[in-house]
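Engineer: My structure is below; once you've seen it, I'll send some questions.
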Amino acid sequence: MLHVAVATRAFRRYSTYRAATLAGIFTNSVFGIIYSYAYIALWDANPTAGGYDQQDAVTYVWLGQALLMTIALWGGGTTDDLAERIRTGDIAIDLYRPVGLVGWYLASDLGRAAYHLLTRGLGPTLIGVVVFDIALPSTVVAGLAFAVSLVLAVVVSFAIRFLVASTAFWLLDQSGVKVMSGAFAIFFSGMMLPLVLFPGWLGTVANALPWASYVQVPADIWLGKHTGTDLVAALGFQVMWAVVLLAACQGVLRLATRKVVVQGG
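For the sequence shown, numbering that gives the first Met the number 0 assigns the number 0 to the initial residue and increments by one for each residue that follows.
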């Protein structure tokens with residue numbers, strides 16, 4: 000119940016920024032239109048690029064715009080609060096509380112993600128459906144699998160952002176690492192260009208990295224590219240990275256706790 004309360008509080012916190020939300024929906028929609036026509040031109044030249052048809056490509060654009068803030072692609076979210084508390088030293092109080100720090104911040108980030116999904120996620124998607132007739136999941140299974148994949152995408156994103164924020168324990172400021180992490184996320188998530196278009200070894204590496212969980216995997220599930228055992232494997236890929244990265248968060252936190260205890264002693 001504690002984590003549900005934390006998530007609910009985070010949802011309410013982000014819901015207070017109504018003007019920023021409306022501006023964000025407008026911005027995502029404008030970029031969605033621009034990218035859609037760029038992708039239409041690209042798929043006119045190569046109608047089967049990456050195994051997508053033109054409707055798949057345009058749908059991918061709008062899914063990317065819908066997921067942009069939900070997964071906090073550029074960083075931010077509740078983990079920025081963590082980095083600030085590390086910088087100011089307030090984190091010492093948090094580390095002595097009888098509540099798991101990773102679980103607390105994950106619950107808060109899921110509340111944040113839920114708000115952005117229902118606003119900056121749903122808004123652009125509806126515009127994409129009306130203006131470009133984007134594809135919808137063809138089966139109930141695909142829709143449910145996308146919902147599971149989306150939650151896993153947020154968890155993977157959170158874990159990476161938590162690790163980035165934790166660098167403030169040693170660097171005092173996460174800014175440089177955050178910028179670098181954001182650049183990797185944009186390129187390797189498929190937000191800049193679908194990973195199915197990456198050639199040879201670059202495509203193999205990109206699809207094996209955790210950032211592929213952000214956009215490429217959920218989008219392919221939405222588009223019906225993963226079915227049967229392939230669908231299970233795609234979700235398993237996200238689960239694997241979620242488990243590995245959350246374990247890394249716990250490990251880093253233990254190291255940081257020892258550091259704080261030693262300095263405090």
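All C-beta atoms in this analysis are idealised placements derived from N, C-alpha and C, irrespective of residue type, glycine included.
For clarity, every value in this text was computed on a predicted model and none was experimentally measured.
If you follow the alpha helix (DSSP H) that Phe186 is part of, which residue opens it and which one closes it?
Structural biologist: Sequence index remark: in the sequence shown, residue 186 carries index 187 (1-based). Phe186 -> alpha helix (DSSP H) spans Ser174 to Phe187.
Engineer: Return the first residue and the last residue of the alpha helix (DSSP H) that Leu105 is part of.
Structural biologist: Here residue 105 is taken as the residue at index 106 of the sequence shown, counted from 1. Start and end: Leu100 to His115.
Engineer: Ignore the nearest five residues each way along the sequence and tell me which others in Leu171's own chain have a CB closer than 7 Å to its CB.
Structural biologist: By 1-based counting over the sequence shown, the position of residue 171 is 172. Correct list, in chain order: Arg86.
Engineer: Can you give me the C-alpha to C-alpha distance between Gly264 and Arg257, rounded to a whole angstrom?
Structural biologist: Locating residue 264 in the sequence shown gives position 265, counting from the first residue. Locating residue 257 in the sequence shown gives position 258, counting from the first residue. The pLDDT assigned to Gly264 is 46, lower than 50, so where the model puts this residue is not dependable, and the model offers no usable value.
Engineer: Please state the DSSP three-state secondary structure of Asp52.
Structural biologist: As a working note, residue 52 is residue 53 in the sequence shown. Here Asp52 sits in coil by DSSP.
Engineer: If you follow the alpha helix (DSSP H) that Asn206 is in, where does it begin and where does it stop?
Structural biologist: The residue given as residue 206 occupies position 207 in the sequence shown. Unbroken alpha helix (DSSP H) run through Asn206: Gly199 to Ala207.
Engineer: Quick one, which of Gly122, Gly120 and Ile70 has its alpha-carbon nearest Leu105's?
Structural biologist: Residue 105 sits at position 106 when you count from the first residue of the sequence shown. Answer by Cα proximity: Ile70.
Engineer: Can you check which of these residues, Val60, Gly189, Pro198 and Leu149, is closest to Ala134 by C-alpha distance?
Structural biologist: Working through the sequence shown from its first residue, we reach residue 134 at position 135. Considering only alpha carbons, the answer is Val60.
Engineer: Could you have a look at Thr138 and say whether DSSP puts it in helix, strand or coil?
Structural biologist: Locating residue 138 in the sequence shown gives position 139, counting from the first residue. Coil.
Engineer: If you count every other CB in all the chains shown that lies within 10 Å of the CB of Ser188, and 16 or more means buried, which is it?
Structural biologist: Within the sequence shown, residue 188 is the residue found at index 189, counting from 1. Counting Cβ neighbours within 10 Å, Ser188 comes out buried, since at least 16 surround it.
Engineer: Alpha carbon to alpha carbon, how far is Tyr114 from Gln53? Give it in angstroms, no decimals.
Structural biologist: Here residue 53 refers to the residue found at position 54 when the sequence shown is read from its first residue. Here residue 114 refers to the residue found at position 115 when the sequence shown is read from its first residue. Distance between the alpha carbons of Gln53 and Tyr114: 30 Å.
Engineer: Would you give the residue range spanned by the alpha helix (DSSP H) that Gly127 belongs to?
Structural biologist: Taking the first residue of the sequence shown as 1, we reach residue 127 at position 128. Taken as a continuous stretch (DSSP letters only), the alpha helix (DSSP H) holding Gly127 covers Leu121 to Phe131.
Engineer: Taking just the CA atoms, how far does Trp73 sit from Phe197?
Structural biologist: Mapped onto the sequence shown, residue 197 falls at position 198. Mapped onto the sequence shown, residue 73 falls at position 74. Taking the straight line joining both Cα atoms gives about 21 Å.
Engineer: Just the Cα atoms here: how many angstroms apart are Phe168 and Val129?
Structural biologist: By 1-based counting over the sequence shown, the position of residue 168 is 169. By 1-based counting over the sequence shown, the position of residue 129 is 130. Between Phe168 and Val129, the C-alpha separation is close to 47 Å.
Engineer: Determine the closest residue to Gln237 out of Val150, Gly199, Trp200 and Thr166, with distance taken between C-alpha atoms.
Structural biologist: Along the sequence shown, read from residue 1 onward, the residue named residue 237 stands at position 238. For the residues Val150, Gly199, Trp200 and Thr166, the minimum Cα distance to Gln237 belongs to Val150.
Engineer: Find the nearest neighbour of Ala158 within the set Ala48, His225 and Gly250, judged by alpha-carbon distance.
Structural biologist: Along the sequence shown, one-based indexing puts residue 158 at 159. Considering only alpha carbons, the answer is Gly250.
Engineer: Does the distance from the C-beta atom of Val155 to that of Pro217 stay below 8 Å?
Structural biologist: As a position in the sequence shown, residue 155 is number 156, starting the count at 1. As a position in the sequence shown, residue 217 is number 218, starting the count at 1. In this structure, Pro217 does not lie closer than 8 Å to Val155 by Cβ.
Engineer: Less than 8 Å between the CB atoms is what I'm expecting for Leu66 and Ala144, so what's the real figure, rounded?
Structural biologist: On the sequence shown, residue 66 is found 67 positions in, with the first residue counted as 1. On the sequence shown, residue 144 is found 145 positions in, with the first residue counted as 1. Not really, about 15 Å apart at Cβ, beyond 8 Å.
Engineer: Can we say the segment 107–127 touches the segment 5–14, given the rule of at least three CB pairs closer than 8 Å?
Structural biologist: Touching, yes, given that three or more Cβ pairs across the two stretches are closer than 8 Å.
Engineer: Could you tell me the alpha carbon to alpha carbon distance between Thr124 and Leu62, rounded to whole angstroms?
Structural biologist: Taking the sequence shown and counting its residues from 1, the one referred to as residue 124 is at position 125. Taking the sequence shown and counting its residues from 1, the one referred to as residue 62 is at position 63. If you take the alpha carbons of Thr124 and Leu62, they lie about 7 Å apart.
Engineer: Pull up the CB-CB distance for Ile270 and Gly122, whole angstroms please, since I reckon it's below 8 Å.
Structural biologist: Any answer about residue 270 is impossible in this case: the structure gives the chain only from 0 up to 264.
Engineer: Are the CB atoms of Ile90 and Arg96 nearer to each other than 8 Å?
Structural biologist: Here residue 90 refers to the residue found at position 91 when the sequence shown is read from its first residue. Here residue 96 refers to the residue found at position 97 when the sequence shown is read from its first residue. No. Outside cutoff.
Engineer: Taking DSSP as the reference, what is the three-state secondary structure of Leu143?
Structural biologist: Position 144 of the sequence shown, counted from the start, is the residue given in the question as residue 143. In this structure, Leu143 counts as helix in the three-state DSSP scheme.
Engineer: Could you work out which residue in Gly102, Ser212, Ala152 and Ala246 is closest to Val3 when comparing CA atoms only?
Structural biologist: Counting from 1 along the sequence shown, the entry for residue 3 is found at position 4. The shortest C-alpha separation from Val3 is found at Gly102.
Engineer: Taking C-beta to C-beta, are Phe161 and Thr78 nearer than 8 Å?
Structural biologist: Counting from 1 along the sequence shown, the entry for residue 161 is found at position 162. Counting from 1 along the sequence shown, the entry for residue 78 is found at position 79. Against a cut-off of 8 Å, the Cβ pair of Thr78 and Phe161 comes out as a contact.
Engineer: Just tell me which of Ala211, Ile220, Phe30 and Ile32 has its CA closest to the CA of Pro136.
Structural biologist: On the sequence shown, position 137 is the one that residue 136 refers to. Taking only the C-alpha atoms, the option nearest Pro136 is Ile220.
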